[in-house]
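What follows is one structure encoded as structure tokens, with my remarks underneath.
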Amino acid sequence: MDWGMENRLGQLMPNGKCFFMPIDHGYFQGPTRRLEKPGETIKPLLPYVDAIFCTRGVLRSAIAPAGSKPIVLRVSGCTSMVGKDLANEELTTSIEEIIRLNAAAVGISIFIGSEYERETLKNLATLVNACEGYGIPVMAVTAVGRELDKREYRYLALSCRIAAELGAKVVKTYWCDEHFDKVVEGCPVPVIMAGGPKCETDLEVLEFVSDGIQKGAVGINLGRNVWQSAHPAAMAKALRAVVHDNASPKQAHEIFKEAKENK
Ligand code: 5RP
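Each residue of the sequence shown is one higher than the one before, starting from 389 at the first, in the numbering used here.
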């Protein structure tokens, strides 16, 4: 691997583990609850995360360039919650813009099994071709749109493997309660867990993240379960302990409780 690629991956995954903070939701769902002002949402969480996942619009308007965390730039889009099909995405951002914004990596969704499977996989291949020459890693996001039931291990394993085969350097996918280890084992590049809709309890979040890490995921890209929590910074601190320090759900829950009392 060339120096630039390795350096970017090293920034994003210190010691091979990572906690990315996604604030990209507005690119198809508008001003999501608690993400109305992304710059304010993210401020108290920054000490705990390794990178921010966002679009160029939010980056330029809400994140100060000096001293910023590494950026994973979301570069697919052009659909909305109220449109016909969330899967009908395009590449939104040129390679010149990716370089100009000093992205540490880029993120793009693929929709396996959808009507737009081929187009979104072509988007991924095109993006990898553009980014490889500049040493910029591509993170593929195995998206399911509104079809949340698709999140079972056979589908996730298929999607992750295809993303890696097309050249993604990292794959972001959903955790699943059965055979998540098979998803990770079948993917030749690091797997990161997405969050999905907010869990019912704080402990539930810590439990599923811990389970995924034990089964081989290298980290998380968790948004709503952090910034929609009643105690976002405490949740971020506890999750960091699970990802980077291998804390058990019980230990992490203690960290959470202590942090929320001492805020
Ligand atoms: C949206 C995304 C988000 O980054 C991803 O879903 C993670 O956020 P959350 O934990 O809120 O699901 O890729 O398409």
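Glycine included, C-beta positions come from ideal geometry on N, C-alpha and C. Quick caveat, the model's predicted, so the values are computed rather than measured.
Give me whichever residues DSSP pairs with residue i in a beta bridge.
| i | result |
| --- | --- |
| arginine 462 | Gly495 |
| lysine 560 | Val529 and Ile580 |
| proline 410 | Phe441 |
| leucine 479 | Ser464 |
| glycine 607 | Cys406 and Ile580 |
According to the Cβ coordinates, are residue i and residue j closer than 8 Å?
| i | j | result |
| --- | --- | --- |
| threonine 480 | phenylalanine 416 | no |
| alanine 491 | isoleucine 524 | yes |
| glycine 465 | glutamate 477 | yes |
| glutamate 503 | alanine 475 | yes |
| alanine 493 | valine 463 | no |
| alanine 624 | valine 437 | yes |
| lysine 570 | alanine 545 | yes |
| leucine 554 | valine 516 | yes |
| glycine 414 | valine 446 | yes |
| leucine 512 | alanine 556 | yes |
| isoleucine 411 | isoleucine 430 | yes |
| proline 620 | proline 402 | no |
| asparagine 354 | lysine 538 | Shown here, the chain extends from 389 to 651; a query on residue 354 therefore has no answer. |
| alanine 626 | isoleucine 601 | no |
| isoleucine 580 | glycine 607 | yes |
| cysteine 564 | glutamate 592 | no |
| phenylalanine 441 | methionine 409 | yes |
Give me the Cα-Cα distance between residue i and residue j, rounded to the nearest whole angstrom.
| i | j | result |
| --- | --- | --- |
| phenylalanine 407 | valine 614 | 11 Å |
| glutamine 616 | lysine 648 | 14 Å |
| glycine 584 | alanine 528 | 16 Å |
| isoleucine 498 | serine 547 | 8 Å |
| tryptophan 391 | glutamine 399 | 12 Å |
| proline 426 | alanine 618 | 17 Å |
| histidine 632 | proline 435 | 13 Å |
| cysteine 587 | leucine 489 | 34 Å |
| lysine 645 | alanine 622 | 7 Å |
| proline 578 | alanine 439 | 16 Å |
| valine 532 | lysine 603 | 22 Å |
| asparagine 628 | arginine 534 | It is worth fixing the name first, because residue 628 is arginine in this sequence and not asparagine. Going by the C-alpha atoms only, they are around 29 Å apart. |
| alanine 483 | lysine 638 | Rather than alanine, the amino acid found at residue 483 in this sequence is isoleucine. Going by the C-alpha atoms only, they are around 44 Å apart. |
| lysine 651 | glutamate 424 | 23 Å |
| alanine 640 | leucine 594 | 7 Å |
| glycine 574 | histidine 567 | 11 Å |
| proline 597 | isoleucine 486 | In the sequence under discussion, the amino acid at residue 597 is valine, which differs from the proline named in the question. Those two C-alpha atoms are separated by around 30 Å. |
| leucine 509 | arginine 549 | 12 Å |
| methionine 389 | proline 419 | 39 Å |
| glutamate 428 | lysine 472 | 32 Å |
| arginine 421 | aspartate 590 | 18 Å |
| tyrosine 562 | glutamate 394 | 25 Å |
| threonine 514 | alanine 635 | 39 Å |
Could you spell out where the alpha helix (DSSP H) holding residue i opens and where it closes?
| i | result |
| --- | --- |
| proline 426 | 426 to 430 |
| glycine 392 | 391 to 400 |
| alanine 629 | 620 to 633 |
| arginine 539 | From DSSP, arginine 539 is part of no alpha helix (DSSP H); its letter is neither H nor E. |
| histidine 641 | 637 to 649 |
| leucine 594 | 590 to 602 |
| aspartate 565 | Looking at the DSSP string, aspartate 565 is not in any alpha helix (DSSP H), and its letter there is neither H nor E. |
| asparagine 511 | 505 to 520 |
What are the boundary residues of the beta strand (DSSP E) that residue i is part of?
| i | result |
| --- | --- |
| asparagine 613 | Note, asparagine 613: premise wrong, no beta strand (DSSP E); alpha helix (DSSP H) at 612 to 615. |
So does residue i have its beta carbon nearer than 7 Å to some heavy atom of ligand 3?
| i | result |
| --- | --- |
| alanine 531 | No copy of ligand 3 occurs in the structure displayed; its ligands are ligand 1 alone. |
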